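K.L.:
Take a look at this one; I'll ask things after.
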Amino acid sequence: MKHFLLRTITHIFLILLLCFFFAYSTLYKQWVICVLSALLLIWCSQSLLYHVNRTNRKLTNFFEAIKYNDFNIKYTIDNGLGKNFGELNQQLNEVLEAFQQTRAENEANLHYLNNIVQNIDVGILSFDDNENVTLSNQTTLKLLNIYRLTNLQELNQTHNILYEKIKNISNTVFYEPTPEKQILIHKTSINLRGKKLHLLSLQNIRNELQQKELEAWQNLTKILRHEIMNSVAPIVSLVGTMQEIVSLDVKEKSVAIDDLKQALETIENRGKGVMNFVSAYREFTSIPKPFFVTIDVKSWIENVVKLMKNEAEKQNITLRIEIKNNFIFKIDVNLMEQVLINLLKNAYEATEKKTNKLVEIIVLSTQNQFVIEIKDNGIGIEKQALDKIFIPFYSTKTKGSGIGLSLSKQILQLHDGYLEVISKLNEGSSFFVIINQK
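Residue numbering for the sequence shown follows numbering that gives the first Met the number 0, beginning at 0 and increasing consecutively.
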C-alpha cells in the first residue's frame, strides 16, 4: 500500500510541477518548453489514471474470467505495490482456483454419470416440448434398432406406433416392436433451469413376462388339475359302485336301490360342478372389447350402489359413500359395473361374521389417476393368500369360482388401470380400483 501511495503522490507532484512549467513557459513565451510541458502533462495524467484504475481493471478481468470460464489466469504483477495488493491478488487467485476445482469436479461427475447412463441396461431418452432429443443412451438406440436420434419425429419412419404412444403417454405404456422385444416405457417430466424436459425409461421385460407367464400357467394348471380331479374322482368311484349294484341279485338290488339313487345324484352334482367350472373358464377367457363412454362419476357410483343397497340392508350392512371430488371419466360402464359389484359382493361376504358390519366406497381423482376404494371391516385376508387372490380360479371361499378378482383385474388392464389390495387379518380389507387418466 505504501508503494501505491508513494507512486500516486509522485504522479501528483509531477503533474503540479508540469503545470507550473506550462504556465511559466506560456507566460514568457517559451514555446518549446510549453509544448514539452503539455505533452508530459498529458502523459503523466494518463499514467496516474492507469495507476489508480489498476484495481478496477483487475476486478473487471476477474469477473470476465468467471463469466467465460477462464480460470487459468494469475494475478501477481502488482504484488510489489504493497501488502494489500498482494493479499488481494492472493484472494482472487484462490477464488479462481476454487472455481477451477469445482468445474473439474463437475466435469468428472458429468463424465461418471454419462458413463453410467450409457452402460446401464435400461434405455434413457429425454426430449423437450419441441420434440428435440437432448439425451439418448446406447440401450435406447439398441432397443429401437436405430443409429442415432435427434428428434422424436424421426421415429415416425420406423416406429410410428411408438411415436404416437409417446405423444399420448401419461405415465406408462407397453410397446412390442418384435416378438423378442417387449418394451415397458415410463414417462416423467422435469423442469431444468426453466426448461421443461420429458424423460422416458425403456426396458425390455420379455424375460420377466415369460417367467410370470410360466408361473401363471403353472398355477392355472395346478388349479385345473385340482378342480378336474375333485370332480372326476368321485364320479369314477361311484360308477364302480353302481356296476357292483347292477351285478347283484334281484333281492339285493331292491335293497341297494337307494344307494344307486344317491350315487346318481352325486354324479349329477359333480357333473354340474364341472359344467359350472367350464362356464366360469369361458367367462374369464371371453371378455368383450371395451366400449368407452364419458360418464359423470358421482351419478354412476350412485346407480351401482342402488343395485347393491337392498342386499346390504338384508345383511344389516352399513353402506357408506364418500365422493371427495366429482368429475367425468371415460370407461366401459358395463364392464366397470361388473368390477364394482364383484368387489362389493366380496366385501359383504367378508363381513358375515361381524356384528357391526361396515362397507365404504371412497372415490377420488388426482391429477393422473381415478381411484375407487372398496373398504370393509371384515375378516381380512391371510398374508399367504394375498399373493394368490388374483390367480384365475383360486378362491378362499368354499363355494367361490375364483374368477371374480382375476376377471376384475383383466377388465382394469383394458382400462389402462390396475387393482391393489391392503388387508389385515380380523381387521378388514381395502381394494383399490386405479385407472390412469389419459
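For each residue, glycine too, the CB sits at the ideal point set by N, CA and C. Bear in mind the structure is a predicted one, so any value in this text is a computation, not a measurement.
From this set, Phe369, Val432, Glu104, Asn367, which residue's C-alpha is nearest Leu343's C-alpha?
P.N.:
Counting from 1 along the sequence shown, the entry for residue 343 is found at position 344. Checked all of Phe369, Val432, Glu104, Asn367; the closest Cα to Leu343 is Val432.
K.L.:
Looking only at DSSP bridge pairs, what is Asn131 linked to?
P.N.:
By 1-based counting over the sequence shown, the position of residue 131 is 132. According to DSSP, which records beta bridges pairwise, Asn131 is partnered with Asn150.
K.L.:
Please report the straight-line C-alpha distance between Leu80 and Leu38, rounded to a whole angstrom.
P.N.:
To locate residue 80, count along the sequence shown from 1; it is residue 81. To locate residue 38, count along the sequence shown from 1; it is residue 39. A caution first: Leu80 carries a pLDDT of 48, below 50, which makes its placement in the model unreliable, though a value can still be read off. Cα to Cα, the separation comes out at about 27 angstroms.
K.L.:
What do you get for Ile115, buried or exposed, if any count of 16 or more other CB atoms within 10 angstroms of its CB means buried?
P.N.:
Residue numbering aside, residue 115 sits at position 116 when the sequence shown is read from its first letter. The residue is exposed, with fewer than 16 neighbouring Cβ atoms inside 10 Å.
K.L.:
Tell me whether the region 406–421 and the region 354–361 touch, counting them as touching only if at least three CB pairs, one residue from each stretch, are closer than 8 angstroms.
P.N.:
Short answer: they don't touch.
K.L.:
In whole angstroms, give me the CA-to-CA distance for Ile330 and Ile168.
P.N.:
The count along the sequence shown starts at 1 and reaches residue 330 at position 331. The count along the sequence shown starts at 1 and reaches residue 168 at position 169. Each residue's Cα considered, the two are about 18 angstroms apart.
K.L.:
Quick one: grab the DSSP three-state call for Val249.
P.N.:
Within the sequence shown, residue 249 is the residue found at index 250, counting from 1. Residue placement at Val249 is poorly supported in this model, since its pLDDT is 46, which falls under 50; the coordinates are not used for a value here.
K.L.:
In the structure shown, what three-state DSSP assignment does Gly377 receive?
P.N.:
In the sequence shown, the residue the question calls residue 377 occupies position 378. Residue state, collapsed to three classes: coil.
K.L.:
Confirm, please, whether the CB-CB distance from Ile434 to Phe389 is below 8 angstroms.
P.N.:
Within the sequence shown, numbered from 1, the residue matching residue 389 stands at position 390. Within the sequence shown, numbered from 1, the residue matching residue 434 stands at position 435. In this structure, Ile434 does not lie closer than 8 angstroms to Phe389 by Cβ.
K.L.:
Are the region 187–204 and the region 121–129 in contact at 8 angstroms, needing three or more beta carbon pairs?
P.N.:
Yes, they touch.
K.L.:
The beta strand (DSSP E) spanning Glu438 covers which residue range?
P.N.:
In the structure as shown, the chain starts at 0 and stops at 437, and residue 438 therefore has no counterpart that could be examined.
K.L.:
Around the C-beta of Ala349, are 16 or more other C-beta atoms found within 10 angstroms, so that it is buried, or is it exposed?
P.N.:
In the sequence shown, residue 349 corresponds to position 350, counting from 1. By the neighbour-count rule (16 or more Cβ atoms within 10 Å), Ala349 is buried.
K.L.:
Taking Val332 as part of the alpha helix (DSSP H), name the residues at either end of that continuous run.
P.N.:
Here the question's residue 332 lines up with position 333 in the sequence shown. Note, Val332: alpha helix (DSSP H), 332–349.
K.L.:
Val249 to Asn345, Cα distance in whole Å?
P.N.:
Taking the sequence shown and counting its residues from 1, the one referred to as residue 249 is at position 250. Taking the sequence shown and counting its residues from 1, the one referred to as residue 345 is at position 346. In this prediction, Val249 scores a pLDDT of 46, lower than 50, which makes its location untrustworthy; the coordinate-derived value is nonetheless stated afterwards. Cα to Cα, Val249 sits roughly 52 angstroms from Asn345.
K.L.:
For Gln152, collect the residues of the same chain with a Cβ closer than 8 angstroms to its Cβ; drop the 5 residues on either side in sequence, then sort them by chain order.
P.N.:
Taking the sequence shown and counting its residues from 1, the one referred to as residue 152 is at position 153. So the list reads Glu130, Tyr162, once near-sequence residues are dropped.
K.L.:
Measure the alpha-carbon distance for Ile322 versus Ser429 and round it to whole angstroms.
P.N.:
By 1-based counting over the sequence shown, the position of residue 322 is 323. By 1-based counting over the sequence shown, the position of residue 429 is 430. Computed Cα separation, rounded: 16 angstroms.
K.L.:
With respect to the alpha helix (DSSP H) encompassing Val304, which residues constitute its N-terminal and C-terminal limits?
P.N.:
As a position in the sequence shown, residue 304 is number 305, starting the count at 1. Its alpha helix (DSSP H) spans residues 296–313.
K.L.:
When DSSP labels each residue in this structure, what does Ser36 get in the three-state scheme?
P.N.:
Taking the first residue of the sequence shown as position 1, residue 36 is located at position 37. Ser36: helix per DSSP, three-state reduction.
K.L.:
I'd like the span of the alpha helix (DSSP H) that includes Asn203, first residue to last.
P.N.:
Counted from its first residue, the sequence shown places residue 203 at position 204. Taken as a continuous stretch (DSSP letters only), Asn203 belongs to no alpha helix (DSSP H), being part of the beta strand (DSSP E) at 194–203.
K.L.:
Return the Cβ separation of Val132 and Asn155 in integer angstroms, given the expectation that the two are a contact with Cβ distance under 8 angstroms.
P.N.:
What you label residue 132 is simply residue 133 of the sequence shown in a count that begins at 1. What you label residue 155 is simply residue 156 of the sequence shown in a count that begins at 1. About 13 angstroms separates the two Cβ atoms, so there is no contact after all.
K.L.:
Which residues bound the alpha helix (DSSP H) around Gln409?
P.N.:
Here residue 409 is taken as the residue at index 410 of the sequence shown, counted from 1. Note, Gln409: alpha helix (DSSP H), 403–413.
K.L.:
To the nearest angstrom, report how far apart Gly403 and Leu142 are at their CA atoms.
P.N.:
Position 404 of the sequence shown, counting from 1, holds the residue named residue 403. Position 143 of the sequence shown, counting from 1, holds the residue named residue 142. Their Cα atoms are separated by approximately 37 angstroms.
K.L.:
Can you tell me which of Ile327, Asn333, Lys352 puts its alpha carbon nearest to the alpha carbon of Pro287?
P.N.:
Here the question's residue 287 lines up with position 288 in the sequence shown. That would be Asn333, whose Cα lies nearest to the Cα of Pro287.
K.L.:
Determine the extent of the beta strand (DSSP E) in which Lys180 is found, giving its start and end residues.
P.N.:
Start at 1 with the first residue of the sequence shown, and residue 180 comes out as number 181. Here the beta strand (DSSP E) through Lys180 covers 180–191.
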